[in-house]
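K.L.:
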Amino acid sequence: MKKQNGFTLIELVVVIIILGILAVTAAPKFINLQSDARESTLEGLKASLQGANTLVYSKAAIQGLESKETGIVILDKKGDTDPSNDVKVNSVYGYLKNASADLVFALDIDTTSTKPEWTIVDAPKVKTTIKDAIIIHPGDKTPSDTAKCWVEYKNPAAQGAAPQYKVEASGC
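Read in order, the letters of the sequence shown correspond to residues 1 to 172 in full-length UniProt numbering.
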């Protein structure tokens, strides 16, 4: 008679229990992926805003507007010499003014469709950590004092000062 090799029922139950314990300990690390993704997206938006501001400031310096409290910076939309492609954005000491239209153009974000990707709130009704800042938040998240999921942006306060940026992701 041949001897059969295989797993006993007890061995199989032990393996299933061990896999269950591993799943329970590893699951919380994967459950929170959406909020981590939102936070990363906000960090990316902040970096895009900083990069756009660097380019606008460079253009403002070329046009002699970096020392003026307010100005209109002319940006070449297509990278050619045709002035009909130029776009004007408002600036404060050479940086983007924290106004919706200027930020939408500079960041090339969707704020107008039926399901906008982003929403810009010029006068926030929520408490921001930077006083007098505007907020840019995901279009599907309504900002509140308990659901903080946005990027804050404030104009520079004086010549030579930099704009202020902050990501608030405690409610994403």
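Ideal Cβ placement from N, Cα and C applies to all residues, glycine included.
1. Taking the Cβ atom as the reference point for each residue, do Val-73 and Gln-63 lie within a distance shorter than 8 Å?
2. Asp-76 to Ala-23, Cα distance in whole Å?
3. Note the first and the last residue of the continuous alpha helix (DSSP H) segment covering Val-87.
4. Three or more C-beta pairs closer than 8 Å, one from the stretch 112-123 and one from the stretch 7-19: is that the case here?
5. Between the C-alpha atoms of Ala-162 and Ala-60, what's the straight-line distance to the nearest angstrom?
6. Nearest by alpha-carbon distance to residue 247: which of Ser-113, Thr-114, Trp-150 is it?
7. Quick one: what does DSSP say Glu-69 is sitting in, helix, strand or coil?
8. What number of angstroms, rounded off, separates the C-alpha of Val-92 from the C-alpha of Gln-50?
9. Which residue from Asp-145, Lys-154, Thr-112, Ile-17 puts its Cα closest to that of Lys-131?
10. Using the beta-carbon count (16 or more within 10 Å), is Val-14 buried or exposed?
11. Going by Cα to Cα distance, which pick from Leu-103, His-137, Lys-97 is closest to Ser-170?
12. Is Gln-50 helix, strand or coil when you go by DSSP?
13. So, Ile-134 versus Pro-143, is the Cβ gap smaller than 8 Å?
14. Once the 5 residues before and after Thr-119 are set aside, which same chain residues still bring their CB inside 8 Å of it?
15. How big is the Cα-Cα spacing for Asp-145 and Gly-6?
16. Is the beta carbon of Ser-58 closer than 8 Å to that of Gln-159?
P.N.:
The answer reads as follows:
1. Looking up residue 73 in the sequence shown gives position 73. Looking up residue 63 in the sequence shown gives position 63. Yes, Cβ-Cβ distance for Val-73 and Gln-63 is below 8 Å.
2. Taking the first residue of the sequence shown as 1, we reach residue 76 at position 76. Taking the first residue of the sequence shown as 1, we reach residue 23 at position 23. So the alpha carbons of these two residues sit roughly 54 Å apart.
3. Start at 1 with the first residue of the sequence shown, and residue 87 comes out as number 87. Bounds of any alpha helix (DSSP H) do not take in Val-87; it lies within the beta strand (DSSP E) bounded by 86-92.
4. With a cut-off of 8 Å, the stretch 7-19 and the stretch 112-123 do not count as touching, because too few Cβ pairs lie within range.
5. Here the question's residue 162 lines up with position 162 in the sequence shown. Here the question's residue 60 lines up with position 60 in the sequence shown. Taking the straight line joining both Cα atoms gives about 14 Å.
6. As displayed, the chain neither begins before 1 nor continues past 172, which places residue 247 out of reach and without an answer.
7. Indexing the sequence shown from 1 puts residue 69 at position 69. DSSP places Glu-69 outside both helix and strand once states are collapsed to three, so it counts as coil.
8. Position 92 of the sequence shown holds residue 92. Position 50 of the sequence shown holds residue 50. Taking the straight line from one Cα to the other gives about 14 Å.
9. Position 131 of the sequence shown, counted from the first residue, corresponds to residue 131. Considering only alpha carbons, the answer is Lys-154.
10. Working through the sequence shown from its first residue, we reach residue 14 at position 14. It counts as exposed.
11. Numbered from its first residue, the sequence shown carries residue 170 at position 170. Closest option to Ser-170, Cα to Cα, is His-137.
12. Looking up residue 50 in the sequence shown gives position 50. Helix, per DSSP.
13. For the purposes of this step, residue 134 is taken as residue 134 along the sequence shown, with counting starting at 1. For the purposes of this step, residue 143 is taken as residue 143 along the sequence shown, with counting starting at 1. Contact flag unset, no.
14. Working through the sequence shown from its first residue, we reach residue 119 at position 119. Closer than 8 Å at the Cβ level, and outside the excluded window around Thr-119, lie Thr-111, Ile-136, His-137, Pro-138, Gly-139.
15. As a working note, residue 145 is residue 145 in the sequence shown. As a working note, residue 6 is residue 6 in the sequence shown. Here the alpha carbons of Gly-6 and Asp-145 stand approximately 60 Å from one another.
16. Locating residue 159 in the sequence shown gives position 159, where the first residue counts as 1. Locating residue 58 in the sequence shown gives position 58, where the first residue counts as 1. Going by C-beta atoms, Gln-159 is not nearer than 8 Å to Ser-58.
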